[in-house]
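The opening position of the sequence shown corresponds to residue 13 in the numbering used here, with each subsequent residue numbered one higher.
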Amino acid sequence: MYDVMVIGGGVIGGAVLRELSKYRLKVCLVERESDVAMGASKANSGIVHAGFDAAEGSLKAKFNVSGNEMMEEYAEELGVKFSRIGSLVLAFSEEDERTLQTLRARGEKNGVKGLRVIGQSQLREMEPSVSRAAIGALYAPTGGIVCPYELTIAAIGNAMDNGAELYTDFDVMKIEKENGAFTVFDAEGRALRAKLLINCAGLGAEKIARLCGDTSIHIGARRGEYILLDKESAGTARHTLFMTPTAKGKGILVSPTADGNILLGPTAEELRESSTDTTAEGLAAVTEGAKRLCESVPLQSVITSFAGVRAYSDRHDFIIEESGSAAGLIHLAGIESPGLTSAPAIAKYTVENLVGKHFSLVRNENFSGRRAPDYFFKQLSVQEKNALIAQDPAYGKIVCRCEQITEGEIVRAVRENPPARNIDAVKRRTRAGMGRCQGGFCQPSVAEIIARETGIPIEQVTKSGKNSRLLAGRSK
Numbered sequence: 013m014y015d016v017m018v019i020g021g022g023v024i025g026g027a028v029l030r031e032l033s034k035y036r037l038k039v040c041l042v043e044r045e046s047d048v049a050m051g052a053s054k055a056n057s058g059i060v061h062a063g064f065d066a067a068e069g070s071l072k073a074k075f076n077v078s079g080n081e082m083m084e085e086y087a088e089e090l091g092v093k094f095s096r097i098g099s100l101v102l103a104f105s106e107e108d109e110r111t112l113q114t115l116r117a118r119g120e121k122n123g124v125k126g127l128r129v130i131g132q133s134q135l136r137e138m139e140p141s142v143s144r145a146a147i148g149a150l151y152a153p154t155g156g157i158v159c160p161y162e163l164t165i166a167a168i169g170n171a172m173d174n175g176a177e178l179y180t181d182f183d184v185m186k187i188e189k190e191n192g193a194f195t196v197f198d199a200e201g202r203a204l205r206a207k208l209l210i211n212c213a214g215l216g217a218e219k220i221a222r223l224c225g226d227t228s229i230h231i232g233a234r235r236g237e238y239i240l241l242d243k244e245s246a247g248t249a250r251h252t253l254f255m256t257p258t259a260k261g262k263g264i265l266v267s268p269t270a271d272g273n274i275l276l277g278p279t280a281e282e283l284r285e286s287s288t289d290t291t292a293e294g295l296a297a298v299t300e301g302a303k304r305l306c307e308s309v310p311l312q313s314v315i316t317s318f319a320g321v322r323a324y325s326d327r328h329d330f331i332i333e334e335s336g337s338a339a340g341l342i343h344l345a346g347i348e349s350p351g352l353t354s355a356p357a358i359a360k361y362t363v364e365n366l367v368g369k370h371f372s373l374v375r376n377e378n379f380s381g382r383r384a385p386d387y388f389f390k391q392l393s394v395q396e397k398n399a400l401i402a403q404d405p406a407y408g409k410i411v412c413r414c415e416q417i418t419e420g421e422i423v424r425a426v427r428e429n430p431p432a433r434n435i436d437a438v439k440r441r442t443r444a445g446m447g448r449c450q451g452g453f454c455q456p457s458v459a460e461i462i463a464r465e466t467g468i469p470i471e472q473v474t475k476s477g478k479n480s481r482l483l484a485g486r487s488k
């Protein structure tokens, strides 16, 4: 019997689980995929928004601004890279310029600090590669970038280090409530019990609500396609560059990533069924949008393209509330952009105000909020590297040449919380396979390390869980 069960291992679920682990509560998280950060949290822009875009008085505005203020300390504690690089919303017409003034006034009412509208000459000083058609911009110095899946993995891992438990491959199919507690069943018939449920299931949030008899949650799906450029393209943009937003959204952006690449995208396509396939039309739209923002986009440096699907609600705002028809069920649903930015603030509010209604929150005196980075070796000095290799020779062997990731870092990822059990799980933790060759050279070595460390036959090692095997079997 758990006090609280979090359903969904994305950035919101991870932040909530970590916040819960600060108290004397027995808590767990269930995730239907083979690893955490497998939904929208593994495929989004990684932008820490300033907070000028959300409507005044909305939950998006409230939690965006407070989450932005918390993010630097939150990421630092978890050993995750964060950079407050600032953002620029470009204007290409007089109408765009009027919109920038509206955004600035809205942002100031939301509590965003340092906003100012700049002219063309200052814009070109700040961004030498910006489009010559841009006539001005709204500058938000508090904007930033972070790695969304690193942040999710680190938060859940830190919670597990503090006593929280994780169940993966747990696809919730039935929920029953009896004697004040929920029994949650997965597709294989496994059952877990909890006094309180927190619905962080993203695209599955409506399903979880209905399994509890609550029909008030309505979730839609929106696909965004991206293009990632190699690190040699880093000079393309110094800040996050946005189009002036329209009724359809923020549009295509060009931004540095926390790891030094350049990211282009996303599109925004409504879906009837979730699909992370990329399309020729979508990638063409990304390319054209990026060319409008920057004078020269080095498309010869493309190393991969991908798509993510984000959930949104018909309320067009975050849903953060206890169910009106299923007592003990808390919804954190429809958490679209700026959900990543808002995550630490949403978690703090949820635990203190919603969970706190059901439990007396007593601090866990053994809680430690700090966590070492998952990949770090290339950042060390020569002396530090030699000292570590002397302790563990595995750190002396480079497995991923593109990203300079060592065997020691991969072994750590397989052994730590939450453990990496497939190729992509190692990739998300260490960046092994995220460089120019996209795993073409290091993938077999990573598979061998996983097999060795877990004791499973190498032909059972998968790329991303379930039936995504790399090898069909052994030859005679």
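Where is the CB? At the ideal position from N, CA and C, for every residue including glycine. Just so you know, these numbers come straight off a predicted model, no measurement behind them.
Around the beta carbon of P430, 16 or more other beta carbons sit within 10 angstroms, so the residue counts as buried. L276 is not a Cβ neighbour of I315, given a cutoff of 9 Å. Residue pairing for S33: DSSP places it in no beta bridge. Here K397 carries a helix assignment [DSSP, helix/strand/coil]. Counting the other CB atoms within 10 Å of its CB gives L32 a total of 16 or more, which places it among the buried residues.
For L311, the secondary structure class from DSSP, reduced to helix, strand or coil, is helix. Inclusion of E465 and R481 in the CB contact set at 9 Å is not warranted, their separation being larger than that value. According to the DSSP assignment, D436 belongs to the alpha helix (DSSP H) that extends over I435 to T442. The criterion of a C-beta distance shorter than 9 Å is satisfied by V363 and K34. Spanning the alpha carbons of N174 and S287 requires a straight line of approximately 35 Å. Distance from A323 to C224 at the Cβ level is roughly 18 Å; contact not present, criterion being Cβ atoms closer than 8 Å. Leaving aside the five residues that flank E348 on each side, the residues in its chain whose CB is nearer than 6 Å to its CB run, in chain order, R322 and Y324. A direct Cα-to-Cα measurement between I157 and R234 gives close to 22 Å.
Only exposed fits H328, as fewer than 16 other CB atoms lie within 10 angstroms of its CB. In the assembly as shown, N80 is a buried residue. Its beta-carbon has 16 or more other beta-carbons within 10 Å. Separation of C159 and G201 (C-alpha to C-alpha, rounded to the nearest whole angstrom) is 35 Å. Looking at the DSSP output, P153 bridges to nothing. Around the beta carbon of G51, 16 or more other beta carbons lie within 10 angstroms, which makes this residue buried. Inclusion of F194 and G340 in the CB contact set at 9 Å is warranted, their separation being smaller than that value. For F389 against K397, the beta-carbon gap comes to about 7 Å, under 8 Å, which counts as contact. Secondary structure note for M138: its alpha helix (DSSP H) is the uninterrupted segment Q132 to M138. Around the beta carbon of K262, 16 or more other beta carbons lie within 10 angstroms, which makes this residue buried. Annotation for A345: the continuous beta strand (DSSP E) segment containing it runs L341 to A345. Cβ neighbours of A484 within its own chain (closer than 8 Å, five residues either side excluded): E471. CA-CA distance, E89 to G25, rounds to 18 Å. With respect to V60, F254 sits apart: the two C-beta atoms are not nearer than 9 Å. The three-state secondary structure of T269, taken from DSSP, is coil.
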